[in-house]
Amino acid sequence: MNTTLIPRATARLQLHAGFTLDDARAQLPYYAALGVSHLYLSPITQARAGSTHGYDVIDHQRVSTELGGESALRRLADAARARGLGLIADIVPNHMAAHASNAWWADVLHHGQDSAHATTFDIDWDAPDPALRGKVLLPVLPDLYGQALAAGDIRLEHDAEAGTCHISAGGQQLPLALGSLPGGSAADELTDDLKRDLKRDPTRKDLARLCAACDPGTDAGRARLHELLERQHYRLAWWRTAPEQINWRRFFEISELVGVRVEDGAVFDAAHGLVLRLYREGVLDGLRIDHIDGLASPGAYLRRLRHALRQADGERKQAGLPGGAYLIIEKILADDESLDARWPTEGTSGYDFMDQVGALLHAPEAQAQLERCWVALSGDPRDAAAQLRDARHRMLARHFPAERQALVRALTRIARFDLRTRDWTSPAIDRVLTALLAVFPVYRSYAEDGGRSAADAHWCRVAVDQAREALGDATADARLLEQIDEWLGGAVQPHMADRNMAEQNVRDQNMTAQHTADTAVTQARALALRRFQQLTPPLAAKALEDTLFYRRGPLLSRNEVGSSPTRFSLPLQAFHALSAARARTHPHAMLATATHDHKRGEDTRARLAVLSEAPDEWLRMVGAWIPRLAKPGAPTPADRYLLLQSLVGAWPLSLSAERLDDGSAEITTSVSEFLERIAQWQEKALREAKLHTSWTDPDAAYEDAARACITGLQDPGDGHALLRDIGAWALRIAPAGLVNSLTQTLLRNTLPGVPDLYQGTDLWDFSLVDPDNRRPVDYAERAALLKAADADLPMATDAAAWRNGAIKQQLIRRTLALRARHPDLFSLGDCTPLAVIGTRAAHVIAYVRRHEGRSVVAVAPRLCARDLAAYTQDQAAQASRYWDGTRVVLPPDIDGGALRNVLSGWRVSANAAGEVPLTALLRDCPVALCVSE
Numbered sequence: 001m002n003t004t005l006i007p008r009a010t011a012r013l014q015l016h017a018g019f020t021l022d023d024a025r026a027q028l029p030y031y032a033a034l035g036v037s038h039l040y041l042s043p044i045t046q047a048r049a050g051s052t053h054g055y056d057v058i059d060h061q062r063v064s065t066e067l068g069g070e071s072a073l074r075r076l077a078d079a080a081r082a083r084g085l086g087l088i089a090d091i092v093p094n095h096m097a098a099h100a101s102n103a104w105w106a107d108v109l110h111h112g113q114d115s116a117h118a119t120t121f122d123i124d125w126d127a128p129d130p131a132l133r134g135k136v137l138l139p140v141l142p143d144l145y146g147q148a149l150a151a152g153d154i155r156l157e158h159d160a161e162a163g164t165c166h167i168s169a170g171g172q173q174l175p176l177a178l179g180s181l182p183g184g185s186a187a188d189e190l191t192d193d194l195k196r197d198l199k200r201d202p203t204r205k206d207l208a209r210l211c212a213a214c215d216p217g218t219d220a221g222r223a224r225l226h227e228l229l230e231r232q233h234y235r236l237a238w239w240r241t242a243p244e245q246i247n248w249r250r251f252f253e254i255s256e257l258v259g260v261r262v263e264d265g266a267v268f269d270a271a272h273g274l275v276l277r278l279y280r281e282g283v284l285d286g287l288r289i290d291h292i293d294g295l296a297s298p299g300a301y302l303r304r305l306r307h308a309l310r311q312a313d314g315e316r317k318q319a320g321l322p323g324g325a326y327l328i329i330e331k332i333l334a335d336d337e338s339l340d341a342r343w344p345t346e347g348t349s350g351y352d353f354m355d356q357v358g359a360l361l362h363a364p365e366a367q368a369q370l371e372r373c374w375v376a377l378s379g380d381p382r383d384a385a386a387q388l389r390d391a392r393h394r395m396l397a398r399h400f401p402a403e404r405q406a407l408v409r410a411l412t413r414i415a416r417f418d419l420r421t422r423d424w425t426s427p428a429i430d431r432v433l434t435a436l437l438a439v440f441p442v443y444r445s446y447a448e449d450g451g452r453s454a455a456d457a458h459w460c461r462v463a464v465d466q467a468r469e470a471l472g473d474a475t476a477d478a479r480l481l482e483q484i485d486e487w488l489g490g491a492v493q494p495h496m497a498d499r500n501m502a503e504q505n506v507r508d509q510n511m512t513a514q515h516t517a518d519t520a521v522t523q524a525r526a527l528a529l530r531r532f533q534q535l536t537p538p539l540a541a542k543a544l545e546d547t548l549f550y551r552r553g554p555l556l557s558r559n560e561v562g563s564s565p566t567r568f569s570l571p572l573q574a575f576h577a578l579s580a581a582r583a584r585t586h587p588h589a590m591l592a593t594a595t596h597d598h599k600r601g602e603d604t605r606a607r608l609a610v611l612s613e614a615p616d617e618w619l620r621m622v623g624a625w626i627p628r629l630a631k632p633g634a635p636t637p638a639d640r641y642l643l644l645q646s647l648v649g650a651w652p653l654s655l656s657a658e659r660l661d662d663g664s665a666e667i668t669t670s671v672s673e674f675l676e677r678i679a680q681w682q683e684k685a686l687r688e689a690k691l692h693t694s695w696t697d698p699d700a701a702y703e704d705a706a707r708a709c710i711t712g713l714q715d716p717g718d719g720h721a722l723l724r725d726i727g728a729w730a731l732r733i734a735p736a737g738l739v740n741s742l743t744q745t746l747l748r749n750t751l752p753g754v755p756d757l758y759q760g761t762d763l764w765d766f767s768l769v770d771p772d773n774r775r776p777v778d779y780a781e782r783a784a785l786l787k788a789a790d791a792d793l794p795m796a797t798d799a800a801a802w803r804n805g806a807i808k809q810q811l812i813r814r815t816l817a818l819r820a821r822h823p824d825l826f827s828l829g830d831c832t833p834l835a836v837i838g839t840r841a842a843h844v845i846a847y848v849r850r851h852e853g854r855s856v857v858a859v860a861p862r863l864c865a866r867d868l869a870a871y872t873q874d875q876a877a878q879a880s881r882y883w884d885g886t887r888v889v890l891p892p893d894i895d896g897g898a899l900r901n902v903l904s905g906w907r908v909s910a911n912a913a914g915e916v917p918l919t920a921l922l923r924d925c926p927v928a929l930c931v932s933e
């Protein structure tokens with residue numbers, strides 16, 4: 001694959017009205033000086049007004065006006081190119097905003113099945129509910145339809161300027177079906193003059209009179225308005241009806257986002273025309289594909305997109321621009337799952353690396369103790385796998401029943417085609433299918449792409465075996481389970497009629513009829529497979545990331561997007577093996593440690609990982625704190641434990657116990673702002689957990705009691721004393737957390753792959769889940785720190801550099817500078833773990849990158865951060881004594897004397913056996929990066 005556009009390193013920026021494309025352009029000098037090669041932009045296409053993220057696209061064919069439009073994008077691209085940088089854009093092929101401001105969606109609402117976009121969206125026009133056939137459910141009302149109608153929440157309004165009428169409901173202006181204004185029994189009550197005028201050529205005055213006649217404040221007006229609504233191509237409904245009645249595919253369970261059928265060639269072209277043109281013209285160098293698993297056929301989609309990009313390379317070449325677009329995908333991989341080798345992509349956007357490097361920094365010995373504590377606090381003795389199954393059952397029953405039942409209907413239809421299976425009933429299929437869905441171990445299968453791959457077959461067999469165990473000894477259920485698995489296998493097998501036909505000498509017309517039947521079977525199985533494969537991804541995400549990870553928390557640093565609830569830690573050998581596998585199959589995949597979707601910032605997780613090194617002390621502390629949070633009506637001990645973890649993990653380095661006591665207005669404000677961030681996280685966490693409150697059914701009393709635990713920390717007396725104790729202990733482990741942070745920063749920037757820097761994480765990032773992780777970035781502070789550092793001098797490692805994050809920023813700068821000087825070494829070079837001997841060998845990560853005689857050696861600590869905290873406090877000499885007797889062994893082909901540590905400037909000194917003492921290599925800093933000269 002052409003790698004000329006492979007980034008050296010990316011910087012992910014979140015664009016919105018408060019940080020536009022021109023704002024991004026203003027930061028180009030900083031990012032260029034830091035050493036990134038590409039800005040990796042959140043979606044740039046037109047999103048709903050006021051969107052803070054850009055994933056609610058309303059127009060794929062233009063650059064967002066709120067971001068500055070295409071002219072601003074071109075200014076950014078030109079300025080970036082002048083500094084040697086390129087642009088990568090995040091695109092959203094899976095869904096669009098289900099909002100009337102989306103012209104494609106509005107056209108569907110206006111024309112129904114006759115719309116040019118009727119097949120653009122994944123709509124079931126033949127819904128089982130007769131009231132929905134040929135219509136689109138719009139679950140936008142604040143109450144039951146009749147109540148909303150009576151309350152005036154639905155109105156016919158006249159737009160005097162446009163000379164049209166629309167339905168106002170759910171904060172939207174919904175179009176009217178053609179010819180739907182006059183007519184109907186209720187319309188008979190209108191005056192003859194008005195009826196005649198409406199039928200002929202209604203004037204603005206006529207329309208205004210009609211709106212008045214449909215006033216829901218009167219019985220007659222309400223009847224007329226209802227009659228009018230019944231003639232529309234949509235059915236207005238209470239928002240709560242969506243889970244059970246929705247007749248179009250949503251993004252997850254979000255009824256504001258509708259699934260797009262990019263498997264249709266015309267839809268693909270319309271949705272990708274803009275970004276392909278921008279790539280062709282050199283504005284973009286690559287794309288990141290959002291939620292690839294939501295598409296009907298991810299493999300076919302990627303092949304079509306890669307083909308289109310390669311066609312565009314011809315025009316780029318004529319313009320003197322390099323080709324070979326960088327193409328990555330958002331894909332969550334389960335433990336032991338690999339990216340499909342058939343897909344023409346550089347790899348994932350980095351969740352897998354984020355999980356692996358996080359697990360590497362957790363001490364396995366702590367898991368059992370932390371699990372026991374959690375069981376005692378929560379009162380739930382079930383393991384993570386059992387709790388995940390429970391969460392999946394809840395999601396299937398209460399959040400995705402419409403999607404589940406649509407799949408059941410599709411499978412039941414298949415059963416009716418075959419004499420051997422026609423006796424299977426929908427309830428039986430539903431019961432067995434639910435058992436299968438509840439244990440499906442990966443996001444989805446890809447059987448639509450030529451049948452199941454070996455990997456698909458493996459994961460489906462795992463699911464069938466676990467479902468069989470859950471279903472018990474019922475022979476009928478076991479047979480049906482195997483049948484459902486066969487139906488969802490992607491390969492159509494001859495049914496009873498096929499065999500009969502093969503055994504008989506039939507007439508041509510019968511053969512034609514059989515062909516028609518076969519086509520029906522094939523289509524039915526394809527529909528069932530598509531429904532299955534587009535249900536398992538949202539089910540997996542909502543059950544794990546947005547439910548279990550908020551309701552179960554032995555240690556929150558392991559509750560992250562891309563993580564497994566059953567993998568607490570990762571041995572070093574396994575980490576190296578995963579890194580080597582990535583280098584073999586997808587050497588240019590992204591390596592991320594923070595994203596716009598993370599649950600906790602990379603440095604928050606690194607600090608919480610320290611708790612695994614000292615579980616006894618941690619549990620003693622929380623054992624004393626949890627009762628002190630027990631105000632009247634207090635939340636459960638488990639929820640208080642989660643709160644304490646968040647307070648400790650996100651505690652600002654600037655809030656020392658001494659400063660807390662000075663009582664100044666500045667400190668009071670800082671404390672209030674921090675606790676408000678915690679309260680915002682807590683509300684989201686409690687609602688996502690769905691145990692005591694939820695987004696759909698908030699329990700105000702429980703949420704108020706939970707918030708009181710936070711606000712009470714500012715009360716004089718015990719509240720303030722507890723806050724002081726929590727803060728003092730958080731800052732005791734904070735230095736160790738910074739050591740962990742430096743380790744993961746070095747690994748991200750030197751291992752095989754493309755390092756991705758999420759905005760703001762070039763300094764310490766103690767953020768929580770969104771929107772906290774999308775706060776404005778202080779670029780002035782970052783630019784000042786970068787300017788003050790001399791890249792030709794040893795990296796500053798004093799306490800101030802640790803405190804303000806300059807040491808992290810400089811580590812990033814120097815690793816990226818090394819990647820810029822030796823691009824082939826990092827993009828093509830191998831990566832070999834190095835042997836370490838001595839008393840602390842188990843606590844060292846060491847490897848060498850080599851290519852054509854050039855070598856880079858990286859060394860970092862793990863599972864000993866507390867012992868190295870003195871590095872952060874101007875006591876490097878004391879900290880380095882930890883490494884007495886421990887040595888890293890260089891390969892015979894590397895001359896230790898030819899290595900220079902680019903962080904300290906020191907040359908490496910090795911003995912005759914090629915052994916380098918870590919006391920010397922790590923004399924100033926807990927990590928080292930050495931290059932051969």
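Numbering of the sequence shown is given in my numbering, commencing with residue 1 and proceeding in unit increments.
Cβ coordinates follow ideal geometry from the N, Cα and C atoms, glycine included.
By the CB criterion at 8 Å, Gln-533 and Ser-453 fall outside the cutoff.
The alpha-carbon separation between Ala-478 and Asp-380 amounts to approximately 30 Å.
Counting only residues of its own chain and dropping the five nearest sequence neighbours on each side, Leu-436 has a CB closer than 8 Å to the CB of Ala-463, Val-464, Ala-467, Leu-481, Ile-484 and Asp-485. In the three-state DSSP reduction, Asn-559 falls in the coil class, being neither helix nor strand. For Trp-681, the enclosing alpha helix (DSSP H) stretches over residues 665-689. Three or more Cβ pairs closer than 8 Å define a contact, and the stretch 591-601 falls short of that threshold against the stretch 405-420. In this structure, Ala-860 is the residue among Val-889, Ala-860 and Ser-932 with its C-alpha nearest to the C-alpha of Leu-922.
The stretch 417-428 makes no contact with the stretch 553-562, as fewer than three CB pairs between them are under 8 Å. Exclusion of the five residues before and after Ala-869 leaves Pro-735 and Ala-736 as the residues of its chain whose Cβ lies within less than 6 Å of its Cβ. Of the residues assessed, Glu-781 falls on the exposed side of the cut-off, its CB having fewer than 16 other CB atoms within 10 angstroms. DSSP lists Cys-930 as the bridge partner or partners of Asn-901. Sequence-distant partners of Arg-306 (beyond 5 residues in either direction) whose C-beta falls short of 7 Å from its own C-beta, in its chain, are Leu-327 and Pro-344. Gln-714 and Asp-639 have their C-alpha atoms some 19 Å from each other. In the structure shown, Val-283 falls within a coil segment according to DSSP collapsed to helix, strand and coil. Linking Arg-724 to Asp-616 through their CA atoms gives a straight-line distance of about 21 Å. If you check the CB distance, Ile-6 and Leu-41 do not come in under 8 Å.
Between Ala-300 and Asp-122, the C-beta spacing is not below 8 Å.
DSSP places Ile-328 in the strand class (E or B) of the three-state scheme.
Annotation: Ala-98 to Tyr-55 spans about 12 Å, alpha carbon to alpha carbon.
Apart from sequence neighbours up to five positions away, the residues of its chain that approach Pro-823 with a beta-carbon distance below 8 Å are Arg-8, ordered along the chain. Excluding residues up to 5 positions away in sequence, Gln-46 lie with their Cβ nearer than 8 Å to the Cβ of Thr-65 in the same chain. Between Gly-649 and Ser-767, the gap from beta carbon to beta carbon reaches 8 Å or more.
When Ala-100, Arg-392, Asp-336 and Asp-770 are compared, the shortest CA-CA separation from Ser-168 is found for Ala-100.
Judged by their CB atoms, Ile-44 and Leu-73 are nearer to each other than the 8 Å cut-off. A contact between stretches requires three or more CB pairs, one per stretch, nearer than 8 Å, and the stretch 739-758 fails this requirement with the stretch 661-681.
Taken through DSSP and simplified to helix, strand or coil, Glu-371 comes out as helix. Annotated three-state conformation of Tyr-443 is coil, per DSSP.
In this chain, the alpha helix (DSSP H) harbouring Ser-579 covers 572-585.
Where Tyr-351 is concerned, the enclosing alpha helix (DSSP H) starts and stops at 351-360.
In the DSSP annotation of this structure, Trp-104 is not part of any beta strand (DSSP E); the continuous alpha helix (DSSP H) holding it starts and ends at 103-111. The beta carbon of Thr-10 lies closer than 8 Å to those of Val-36, Ser-37, His-38, Leu-39, Tyr-40, Ile-88, Met-590, Val-754, Pro-755, Asp-756 and Leu-757 in the same chain, with the five residues before and after it left out. In this structure, DSSP gives Phe-268 a helical state, which the three-state scheme calls helix.
Put simply, the backbone Cα of Ala-103 is about 7 Å away from that of Ile-58. One alpha carbon belongs to Tyr-550, the other to Pro-771, and they sit about 16 Å apart. Between the alpha carbons of Asn-94 and Glu-253 lies a gap of roughly 14 Å.
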